[in-house]
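Mapping of the sequence shown onto our numbering: position 159 corresponds to residue 1123, and the numbering continues sequentially without gaps. To start, the structure itself, in structure tokens.
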Amino acid sequence: MSRSDQQALIARRRHFLRAAVLGGAAVVLGGSWARKLLAHADAAPTVSAAAPDVLLECFADDDGHHLGPCRVRKLVLSETQWRQRLSDDAFYVMRREGTERAFSGQYRNQHAKGLYRCPGCDTALFDASTKFDSGTGWPSFWQPIAKANVIEHSDSTLGMERIAVSCAGCDSHLGHVFDDGPKPTGLRYCMNSVALRFIPRAG
965 MSRSDQQALI ARRRHFLRAA VLGGAAVVLG GSWARKLLAH ADAAPTVSAA APDVLLECFA
1025 DDDGHHLGPC RVRKLVLSET QWRQRLSDDA FYVMRREGTE RAFSGQYRNQ HAKGLYRCPG
1085 CDTALFDAST KFDSGTGWPS FWQPIAKANV IEHSDSTLGM ERIAVSCAGC DSHLGHVFDD
1145 GPKPTGLRYC MNSVALRFIP RAG
């Protein structure tokens, strides 16, 4: 990635973190939520100076091309700040490791080309080209856009052993990964729609 590309990405992420309103956010997450964010824009949360740096893989919105690795500060917010940033449903899933009801999410039947980003910190998570209909009622992908951009860890809640998936940029819960997916990976990343923000691909 060139220095100018890296600087542009850093500036874009800072804008997202401070205003929490990028193109499409008002449509995807609802007008009332967007108005709430705009009302708090002057007091928008900033990244904690004590937060660690993380090395992610960055991708362009327009055509989804890989821009290369980028080192960013992990987003660490208080519970109050997260509640200001996220809808109630998104907060429940992303910060309380909840699950939205099957067949209720807005992206389960989404088939357009584009990227799925984290609504909390803007990290690129999945490319629509890896999305498939799993019949489960949740948006499913056979791989993340980059392994560095997600964190997988054991989850033994609900009396079963599962692998939970979270965003590497802010530690927000996204869903779970299972080994009953299609080729070429055989994996099913079963995600919650409220933990994703879709960016349609230009053209």
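Where a beta carbon is used, it is the ideal one built from N, C-alpha and C, also for glycine.
- Query: Shortest alpha-carbon distance to GLU1116 belongs to which of TRP1046, LYS1077 and HIS1140?
  - Reply: Sequence index remark: in the sequence shown, residue 1116 carries index 152 (1-based). When each option's Cα is compared against that of GLU1116, the closest is HIS1140.
- Message: If you reduce the DSSP assignment to three classes, tell me which class LYS1095 lands in.
- Response: One-based indexing of the sequence shown puts residue 1095 at position 131. Correct three-state label for LYS1095: strand.
- With a threshold of 16 other CB atoms inside 10 Å of the CB of ARG1072, please say whether the residue is buried or exposed. By 1-based counting over the sequence shown, the position of residue 1072 is 108. With 16 or more other Cβ atoms within 10 Å, it is buried.
- Item | 7 Å Cβ shell around VAL1057 - same chain, five flanking residues per side excluded | In the sequence shown, residue 1057 corresponds to position 93, counting from 1. Counting only Cβ-Cβ distances below 7 Å, and skipping sequence neighbours, we find THR1063, GLU1064, HIS1137, ASN1156, VAL1158 and ALA1159.
- Status (buried if at least 16 other CB within 10 Å, exposed otherwise) for PRO1148: Here the question's residue 1148 lines up with position 184 in the sequence shown. It is exposed - the Cβ of PRO1148 has fewer than 16 other Cβ atoms within 10 Å.
- Message: In chain order, what are the residue ranges of uninterrupted beta strand (DSSP E) at least 3 long that sit wholly in the region 1010-1065?
- Response: 1017-1023 and 1030-1037
- In the DSSP assignment, what residue or residues form a beta bridge with PRO1083? Counting from one through the sequence shown, the residue named residue 1083 turns up at place 119. PRO1083 is not bridged to any residue.
- Beta carbon of LEU1089 nearer than 8 Å to that of ASN1113: One-based indexing of the sequence shown puts residue 1089 at position 125. One-based indexing of the sequence shown puts residue 1113 at position 149. Yes, these two residues count as a Cβ contact at 8 Å.
- CA nearest to the CA of GLY1028, picked from ALA1076, PHE1067 and ILE1127: Position 64 of the sequence shown holds residue 1028. Nearest of ALA1076, PHE1067 and ILE1127 to GLY1028, Cα basis: ALA1076.
- Message: For PHE1162, list the residues DSSP reports as bridge partners.
- Response: Within the sequence shown, numbered from 1, the residue matching residue 1162 stands at position 198. BP columns for PHE1162 point to TYR1080.
- Message: Using a 10 Å radius around the Cβ and a threshold of 16 neighbouring Cβ atoms, would you call ASP1144 buried or exposed?
- Response: Working through the sequence shown from its first residue, we reach residue 1144 at position 180. Looking at its Cβ environment, which holds fewer than 16 other Cβ atoms inside 10 Å, ASP1144 is exposed.
- Given that a residue counts as buried once 16 or more other Cβ atoms are within 10 Å of its Cβ, and exposed if not, what is PRO1103? Walking along the sequence shown from the start, residue 1103 turns up at place 139. Buried, because 16 or more other Cβ atoms sit within 10 Å of the Cβ of PRO1103.
- According to the neighbour-count rule (16 or more other Cβ atoms, all chains shown, within 10 Å of its Cβ), is PHE1162 buried or exposed? On the sequence shown, position 198 is the one that residue 1162 refers to. Buried.
- Query: Exposed or buried, what is ASP1006 when buried is set at 16 or more other beta-carbons lying within 10 Å of its beta-carbon?
  - Reply: The residue you call residue 1006 lines up with position 42 of the sequence shown. Note that ASP1006 scores 34 on pLDDT, short of 50, meaning its location in the model is unreliable and no value can be drawn from it.
- Query: Under the DSSP definition of a beta bridge, which residues are partnered with TYR1071?
  - Reply: Locating residue 1071 in the sequence shown gives position 107, where the first residue counts as 1. Answer is none; TYR1071 lacks a bridge partner.
- Message: Do TRP1106 and THR1094 count as a contact pair if the criterion is CB distance below 8 Å?
- Response: As a working mapping, residue 1094 is identified with position 130 in the sequence shown. As a working mapping, residue 1106 is identified with position 142 in the sequence shown. Their beta carbons are under 8 Å apart, which means THR1094 touches TRP1106 by this criterion.
- Message: Buried or exposed for LYS1111, going by 16 or more other Cβ atoms inside 10 Å?
- Response: Your numbering for residue 1111 matches position 147 in the sequence shown. Answer is exposed; the Cβ neighbour count stays below 16.
- Message: Between which residues of its own chain and ALA1054 is the CB-CB distance below 7 Å, once the five residues before and five after are set aside?
- Response: The residue given as residue 1054 occupies position 90 in the sequence shown. Around ALA1054: PRO1083, VAL1158 and ALA1159.
- Can you say whether LEU1151 is buried or exposed, counting buried as having 16 or more other CB atoms within 10 angstroms of its CB? Numbered from 1 along the sequence shown, position 187 holds the residue referred to as residue 1151. Classification for LEU1151: buried.
- Residues bridged to SER1120 [DSSP beta-bridge criterion]: If you number the sequence shown from 1, residue 1120 lands on position 156. SER1120 is not bridged to any residue.
- Message: Can you tell me which residues form a DSSP beta bridge with ALA1088?
- Response: Here residue 1088 is taken as the residue at index 124 of the sequence shown, counted from 1. Answer by DSSP bridge pairing, in chain order: ARG1081.
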